[in-house]
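Heads up: the sequence lines are chains P and C, in that order. Numbering follows the numbering used here, in which position 128 of the first sequence is assigned residue number 953; successive positions increment by one, without gaps. Numbering follows the numbering used here, in which position 76 of the second sequence is assigned residue number 81; successive positions increment by one, without gaps. Beneath this line is the structure, given in C-alpha cells, with notes to follow.
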Amino acid sequence: MLTEKKFEILLNIYKSSKKLSQRDLASRLDCSVGTINKLLKELAIEEYVIDGNITEAGIDALAPYKVKRIIFIAAGVGSRLLPITINTPKPLIRVNGTRIIDTMLDAAIAAGIEEIIIVRGYLMEQFNELLIKYPNIKFIDNPLYNECNNISSALAARSYFSNAYVCDADIILKNKALIRGYEYKTFMYGVKTERTDDWCLTTDNNNYVESLRIGGFNGYREVGISYWTKEDGNKLLTDFVDSFNYPGGKEKFWELTPLEFDKKNYKVSIKECNHDDFIEIDSFNELKKIDNIYNI
Amino acid sequence: MKKEIAILMAAGKGERMRPVTETTPKPLVKVNGVSMIETVIKGLEHRGITEIYVVVGYLGEKFSELKAKYPNITIIENKEYTIKNNISSMQAACNVLGKADCFICEADLVVSDETIFDKELNQSGYYGKFVAGHSDDWVFDQDENGRITRIGKYGDDQYNMCGLCYLKEADALIMRDALIEAANDSANDNLFWDQILDRNLDKINLTVYPVTDEQIVEIDSVKELVVFDKSYEKYLA
C-alpha cells in the first residue's frame, strides 16, 4: 500500500516522457524538494524507483489504483440549450466542428481507460452514432430520465461506480491532463470561487467536502467530474438504492447521496482545477458566442 | 402489385438551414416532433414499399438512429458529397437502380398527406406542383400529351419539381447506365442528377403527377421552419 505522495511520485515518473528532477516533482506535487528527496530514498529502498526510473515492481505497486472505467451521465434533455437540443442531445452538439462529448472521450482514451460507459435517455438512439468513432462504448439506458433527477442515471449505472470516473457529458474539456489512468482516492474536481450562486462545495480543514449547496462564499464550484475508488463505489451500489427510494429521493442530484444522504460513509476530497480547464455552455446565447456558426 | 423500391437522397449539407443543420443533417431535423425523412419513409411504407435505400454523406453517422428505428432501411454512403453535386448520390446508388420500379426522393421533404403515394403510376414521371405565373425554380416543359420535353430552371405557368420522381424498372436501367457513363467526365460533377435525366428524355417517357402545396411541404430556411414549428423561434431572436 502506497501513501498518496509516493503514489503521485511514482505516477509522475511513470507517465513522464522525460526524466523528472526532484525540483520538477516538487512543483508538480506542490511540496518541498526535501520531502521529495526523502520519499524518493524510501521508494528506492522499496525498489520501486532506480536511478530516477520506475521499476517493474513500481508499476505493479500502481496497479491497484488503475482507473477501470469512465461513466458519462448523458441522459438529460438539455433544455437550457433549446432550440438546438430539439434535434440533438447536448453531448452530441458540435462546437467549432467537434462534438462536445468527444473532448472527454478522447482524453479518456489517451489516458488508457478501457471501459467507457454512457448513460443515455433523451433521444437515446442518437448516441449510436458514437460507435462509428468509438466502437467500444457500452450504453446503459435510463428510462426514467424524464421523470426523475440525474440520480436515476446513477441508479441505472450503480454497479459500475468502483474505480470509476463519473462525468457530466456536456463539458468541453480543454485540459486533457485532468483525466488520468491512475487515481488514488475519491475526489471531485472543483474550481475555487469567492462567491457563487451556482452549486457550490464547501470543505473542512482536511479538504474533504463538507456540503453541497446552492450559493456560497469561499467554496468550490463543482465542475462535474469525480472519481470513486473501489471501496466507495461498492458502498454507492447499495446507497443509491436507499436514497432513491427515500421520500423525495427521485428528485435529487446523485451527488447528494455520498455528500448528504449517506455522508457518514464517505470522505470525498476536492481537487482544485482552473476555470479555463473547461468550457461550459449553459445557454443558446453562450453557444452563439463560442461558435459563430450558430448566429443568424 | 409489382415490387417497388425507393432511393432517398440525404447526403447534402443543408447549408440554407444553418445553423440548425450544424449538428443535424437536414433530413433528420424534426418538424413538430417528427424528422422530415420519417414523413417520407412513412409515406413509402403506406404504399407498401419496404426496400428503402438512404444515401448519406454530411454527418452520415447521424443516420444510425434512423436505422435503429427503421431496421429495414439500407444506408448507402456517398463519399463524394463534398466534391460533387447530387449526381454523386445517384451514382452511389447505381447498384440498386434498375432492380425494380423505383421512387427517387429528396429526403428533406415534409410529406403531410400520405395519400400522394396511393397514385396509380403506370409510367415514369415526376411529382409536380403547378405554379401560376413565373417560377425561378426547376420546372417541366411538356408537350400536348403531357410528356416532359425539358427539365430545367425557370418557366411560366408550369409544373415545378417538388423532390419526388418515379422510374419504371426499364427507365431506371437507362438512367443507371447514363449515370455510370457520366462519372467518366469530371465536367459532370457539378450536375444535379435530374440533368442526366433531362439528357435522356428521348428514351424515357416522363409524365407529371400533380400534387398541391399542402401535400408536400418544402422547408428551405430557418424562417420557413419557424412558420411550421414555433419551437425554433429562438434561432431568429
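We treat Cβ as the ideally placed atom computed from N, Cα and C, and that holds for glycine.
| Item | Value |
| --- | --- |
| Mind listing, in chain order, the continuous alpha helix (DSSP H) runs of no fewer than 4 residues lying wholly within the region 946–996 of chain P? | 955–958 and 976–981 |
| For T913 (chain P), go through chain C and note every residue whose CB falls closer than 7 Å to its CB, in chain order. | T28 and T29 |
| Cα-Cα, which of C:N90, C:Y86 and C:C167 is closest to E219 (chain C)? | C:C167 |
| Fully enclosed by the region 155–215 of chain C, which beta strand (DSSP E) runs are 3 residues long or longer? | none |
| Anything in the region 58–80 of chain C with a Cβ closer than 7 Å to a Cβ of chain P? List those residues in chain order, please. | E66, K67, S69, E70, A73 and K74 |
| So with Cβ pairs under 8 Å, would you call R919 (chain P) a contact of chain C? | yes |
| For V222 (chain C), which residues in chain P fall below 9 Å Cβ to Cβ? | The premise fails here: V222 (chain C) is roughly 18 Å from chain P at the closest Cβ pair, so nothing lies under 9 Å. |
| What residue does the alpha helix (DSSP H) around T880 (chain P) start on, and which one ends it? | Unbroken run through T880 (chain P): none, as it is neither H nor E. |
| If you scan the region 1031–1091 of chain P from start to end, which runs of the beta strand (DSSP E) of 3 or more residues do you find wholly inside it? | 1034–1053 |
| How many Å lie between D1057 (chain P) and L33 (chain C) at the Cα? | 42 Å |
| Within the same chain, show all residues whose beta-carbon is closer than 8 Å to that of A11 (chain C), passing over the 5 residues directly before and after it, in chain order. | L49, I54, E56, I57, Y58, C107, F108, I109 and C110 |
| Secondary structure at A219 (chain C), three-state DSSP: helix, strand or coil? | A quick correction: the sequence has Glu, not Ala, at residue 219 (chain C). Coil. |
| Going along the chain, which residues of the region 30–47 of chain C sit with their C-beta nearer than 9 Å to a C-beta in chain P? | L33, V34, K35, G38 and S40 |
| Starting from V227 (chain C), find everything on chain B with Cβ-Cβ shorter than 8 Å and list it in chain order. | The structure shown has no chain B; the protein chains it does contain are P and C. |
| Does the distance from the C-beta atom of Y164 (chain C) to that of K124 (chain C) stay below 8 Å? | no |
| Under 8 Å Cβ-Cβ, which residues of chain P neighbour Y237 (chain C)? | P908 and I911 |
| Starting from F1103 (chain P), follow the beta strand (DSSP E) in both directions and report where the run begins and ends. | F1103 to E1105 |
| According to DSSP, simplified to helix, strand and coil, what is R1122 (chain P)? | Residue numbering for chain P in the displayed model covers 826 to 1121; residue 1122 (chain P) lies beyond these limits and cannot be assessed. |
| So what does DSSP say about Y132 (chain C), is it helix, strand or coil? | strand |
| Closest Cβ-Cβ distance between I1118 (chain P) and chain C: below 8 Å? | yes |
| By DSSP, does L907 (chain P) sit in helix, in strand, or in coil? | coil |
| Mapping DSSP to helix, strand and coil, what is V2 (chain C)? | Chain C is shown only over 6 to 242; residue 2 (chain C) falls outside these bounds and no answer can be derived. |
| Can you find a C-beta in chain P that's less than 8 Å from the C-beta of L23 (chain C)? | For the record, residue 23 (chain C) in the displayed sequence is Arg; it is not Leu. Answer yes: the Cβ-Cβ gap between R23 (chain C) and chain P drops below 8 Å somewhere. |
| Between the alpha carbons of L64 (chain C) and E70 (chain C), how many angstroms are there, rounded? | 12 Å |
| What would DSSP say about Y1007 (chain P), mapped onto helix, strand or coil? | strand |
| Since Y240 (chain C) meets chain P, which of its residues come closer than 9 Å, beta carbon to beta carbon? | P908, I909, F1109, Y1119 and I1121 |
| Determine, using beta carbons only, whether E1105 (chain P) comes closer than 8 Å to chain C. | no |
| Are K282 (chain C) and E119 (chain C) closer than 8 Å when you measure CB to CB? | The requested residue 282 (chain C) does not occur in the structure, where chain C is confined to residues 6 to 242. |
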